[in-house]
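Trainee:
Residue numbers (my numbering): 10 to 449.
#1: For residue 180, which option in 335, 135, 206 has the closest C-alpha, if you only look at C-alpha atoms?
#2: Helix, strand or coil for residue 258? Go by DSSP, reduced to three states.
#3: When the Cα atoms are used, what is the spatial distance from residue 102 to residue 74?
#4: In the DSSP assignment, the alpha helix (DSSP H) including residue 198 goes from what residue to what residue?
#5: Am I right that residue 114 and residue 151 are in contact with their C-beta atoms under 8 Å? What's the rounded C-beta distance?
#6: Can you give me the Cβ contacts of residue 84 inside the same chain, cut-off strictly under 6 Å, excluding the 5 residues immediately before and after it?
#7: Closest to residue 333 by CA distance: which of 359, 372, 395, 157 is it?
#8: Just the C-alpha distance for residue 392 and residue 198, rounded to the nearest angstrom, thanks.
#9: According to the neighbour-count rule (16 or more other Cβ atoms, all chains shown, within 10 Å of its Cβ), is residue 225 buried or exposed?
#10: In chain order, which alpha helix (DSSP H) runs of at least 4 residues are fully inside the segment 390-436?
#11: Within 10 angstroms of its Cβ, does residue 390 collect 16 or more other Cβ (buried), or is it exposed?
#12: Under 6 Å Cβ to Cβ from residue 255, same chain only, skipping five residues before and after it: list those, please.
#13: What number of angstroms, rounded off, separates the C-alpha of residue 433 from the C-alpha of residue 307?
#14: Does residue 378 pass the burial test, meaning 16 or more other C-beta atoms within 10 Å, or should it be called exposed?
#15: Measuring CB atoms only, is the segment 262-272 touching the segment 352-372, in the sense that at least three cross pairs come out at less than 8 Å?
#16: Counting Cβ pairs, one atom from each stretch, are 3 or more of them under 8 Å apart for the segment 229-247 and the segment 293-300?
#17: Within the chosen definition, does the segment 104-112 reach the segment 182-201 through at least 3 CB pairs nearer than 8 Å?
#18: Taking only three categories from DSSP, how would you classify residue 327?
#19: Just tell me which of 142, 363, 219 has its CA closest to the CA of residue 196.
#20: Apart from the five residues on each side of it in sequence, which residues of its chain come closer than 7 Å, Cβ to Cβ, to residue 147?
#21: Rounded to the nearest angstrom, what separates residue 48 and residue 63 at their Cα positions?
#22: Hey, out of 367, 154, 168, whose CA is closest to residue 202's CA?
#23: Could you tell me which residues DSSP pairs with residue 300 in its beta bridges?
#24: Write down the C-beta distance between residue 436 and residue 398 rounded to the nearest angstrom, noting that I regard them as a contact closer than 8 Å.
#25: Identify whether residue 223 lies in helix, strand or coil by the three-state DSSP scheme.
#26: How many angstroms separate the CA atom of residue 431 from the CA atom of residue 168?
#27: Could you check what DSSP says for residue 384 in three-state terms: helix, strand or coil?
#28: Below 7 Å CB to CB, which residues in the same chain sit around residue 193 once its five sequence neighbours on both sides are set aside?
#29: Terminal residues of the continuous alpha helix (DSSP H) containing residue 234?
#30: So, at 6 Å on beta carbons, what are the nonlocal neighbours of residue 241 in its own chain, with the 5 sequence-adjacent residues on each side left out?
#31: Could you check what DSSP says for residue 132 in three-state terms: helix, strand or coil?
#32: Please classify residue 378: does DSSP put it in a helix, a strand, or coil?
#33: Going by the DSSP bridge assignment, what does residue 68 pair with across the sheet?
#34: Could you spell out where the alpha helix (DSSP H) holding residue 250 opens and where it closes?
#35: Which of helix, strand or coil does DSSP assign to residue 347?
#36: How about residue 216 and residue 427: do their beta carbons lie closer than 8 Å?
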């Protein structure tokens with residue numbers, strides 16, 4: 010059993026049910042005011058602020074005001090047990106739970122310290138996320154050479170991330186809102202994240218990656234549904250503790266390798282929440298500085314495809330269906346996307362003789378995606394069909410309009426940069442959302 014080692018008396022915020030970490034904090038550090046905020050800071054903290062710059066600070070945004078809440082203590086134990094080099098690597102942790110107040114805490118060489126008991130907050134609000142990013146990228150005692158943001162919750166591709174069931178209407182953070190949160194944090198701090206890990210379902214899409222272009226160096230995400238264990242946090246934190254000087258790209262790629270290890274190991278090797286043996290799982294690393302090229306390639310294809318050429322409806326629908334990601338996931342109804350390199354690679358081959366210009370433009374999309382996708386892993390169960398990044402391709406007009414979605418989020422109304430710049434929404438309505446899918 011993983012030992013519980015939390016030193017701060019955080020019962021005031023109600024975050025945990027048990028409390029003591031090895032090498033605990035001074036009484037001064039644990040002094041909390043009536044409203045739950047820290048009342049005083051010890052001399053030890055002042056000394057901590059004078060420490061040299063760290064190698065890495067990781068901001069964990071745990072948006073668990075939903076059914077993810079039941080796993081909170083398990084993940085906290087994993088994080089605390091595996092980050093043993095706290096001189097070179099620090100954690101800032103935001104947690105929003107179903108029945109308990111939200112909290113921001115840090116894990117450094119001083120141990121676990123509760124920084125703020127926030128009360129009831131909306132973790133799907135971009136302002137909440139941007140405030141947290143600004144916190145861990147500006148606090149002197151968290152200053153580091155490299156920064157990573159990990160967002161853990163549910164994901165729905167272009168529809169959004171971070172559902173807060175404690176708020177009326179169960180709102181989600183839109184992908185546009187996610188981008189705005191990062192823009193605000195960058196403008197305020199003057200710093201850019203090295204890695205964004207979206208540890209949630211179906212977020213390795215062109216819509217998400219394009220929205221985040223140039224807002225961080227690398228995006229780590231999955232094309233399909235993410236198992237409840239998420240990424241391999243044990244290997245991430247233990248590995249960083251062992252090798253804190255690892256460069257951002259190397260760390261992002263290692264996260265993919267570590268994910269493969271977690272979900273491929275013999276049953277019982279790791280303390281997994283569920284028994285996994287090469288479950289339907291993927292993870293990829295995307296170079297966000299190259300995403301403009303993908304948008305440009307899609308825009309060129311969209312321009313060529315309008316006005317509609319009826320002879321292309323069947324090959325486009327067939328290719329999309331052949332590479333439909335929901336065929337390979339633990340489908341919870343959240344993946345109406347097709348793999349980009351698979352779909353457009355097939356179109357480039359099929360249309361080479363009949364439509365050479367369109368075939369060439371499809372090949373350009375594949376080449377642009379090749380430049381972006383630095384590393385990809387997929388479990389053997391997906392049969393080499395998932396190559397690292399997907400795009401929304403609805404099987405019907407009903408799915409395009411998202412008539413099943415209680416928030417009425419429609420693809421071309423969500424202020425997605427990719428939709429605006431590429432014109433892909435027009436192609437979907439002309440070629441994929443006709444009343445007769447394979448007719449004119």
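All residues carry an ideal CB built from backbone N, CA and C; glycine is no exception.
Mentor: On the basis of the data shown:
#1: Closest option to residue 180, Cα to Cα, is 135.
#2: In the three-state reduction of the DSSP assignment, residue 258 falls in the helix class, which pools H, G and I.
#3: Cα to Cα, residue 102 sits roughly 15 Å from residue 74.
#4: Where residue 198 is concerned, the enclosing alpha helix (DSSP H) stretches over 184-198.
#5: With a Cβ gap of about 12 Å, residue 114 and residue 151 do not count as contacting.
#6: Non-local C-beta neighbours of residue 84 in its own chain, meaning closer than 6 Å and more than five positions away in sequence, are absent.
#7: Of 359, 372, 395, 157, the residue nearest in Cα terms is 395.
#8: Each residue's alpha carbon lies about 43 Å from the other.
#9: Buried, since its Cβ has 16 or more Cβ neighbours within 10 Å.
#10: Runs of the alpha helix (DSSP H) lying entirely within the segment 390-436 and spanning at least 4 residues, in chain order: 406-410, 426-431, 433-436.
#11: Its Cβ having fewer than 16 others within 10 Å, residue 390 is exposed.
#12: For residue 255, there are no CB contacts under 6 Å within the same chain when 5 residues up- and downstream are skipped.
#13: The C-alpha of residue 433 lies about 7 Å from the C-alpha of residue 307.
#14: By the neighbour-count rule (16 or more Cβ atoms within 10 Å), residue 378 is buried.
#15: No, because fewer than three Cβ pairs between the segment 262-272 and the segment 352-372 fall closer than 8 Å, the two stretches do not touch.
#16: Output reads yes: the segment 293-300 touches the segment 229-247.
#17: Between the segment 104-112 and the segment 182-201, the count of Cβ pairs shorter than 8 Å is below three; the stretches do not touch.
#18: Helix at residue 327.
#19: When C-alpha distances from residue 196 are compared across 142, 363, 219, the shortest belongs to 142.
#20: For residue 147, where only same-chain residues beyond five positions count, the Cβ hits under 7 Å are 198.
#21: At residue 48, the pLDDT of 32 sits below 50, so the modelled position is not reliable and the matter cannot be decided from this model.
#22: Minimum Cα distance to residue 202 is reached at 154.
#23: Residue 300 is not bridged by DSSP to any residue.
#24: Actually they do not touch by this definition, with Cβ atoms about 17 Å apart.
#25: Three-state DSSP puts residue 223 in coil, outside helix and strand.
#26: Their backbone Cα atoms lie some 18 Å apart in a straight line.
#27: Looking at residue 384 - three-state DSSP - the assignment turns out to be strand.
#28: Here the set comprises 139.
#29: Neither: residue 234 is in no alpha helix (DSSP H) and is coded neither H nor E.
#30: The residues are 267, 268, 271.
#31: Residue 132: coil per DSSP, three-state reduction.
#32: Of the three classes helix, strand and coil, the one that applies to residue 378 here is helix, per DSSP.
#33: In the DSSP assignment, residue 68 is bridged to 101, 158.
#34: Counting along the chain, the unbroken alpha helix (DSSP H) around residue 250 starts and ends at 242-251.
#35: Looking at residue 347 - three-state DSSP - the assignment turns out to be strand.
#36: A contact, by the Cβ cut-off of 8 Å.
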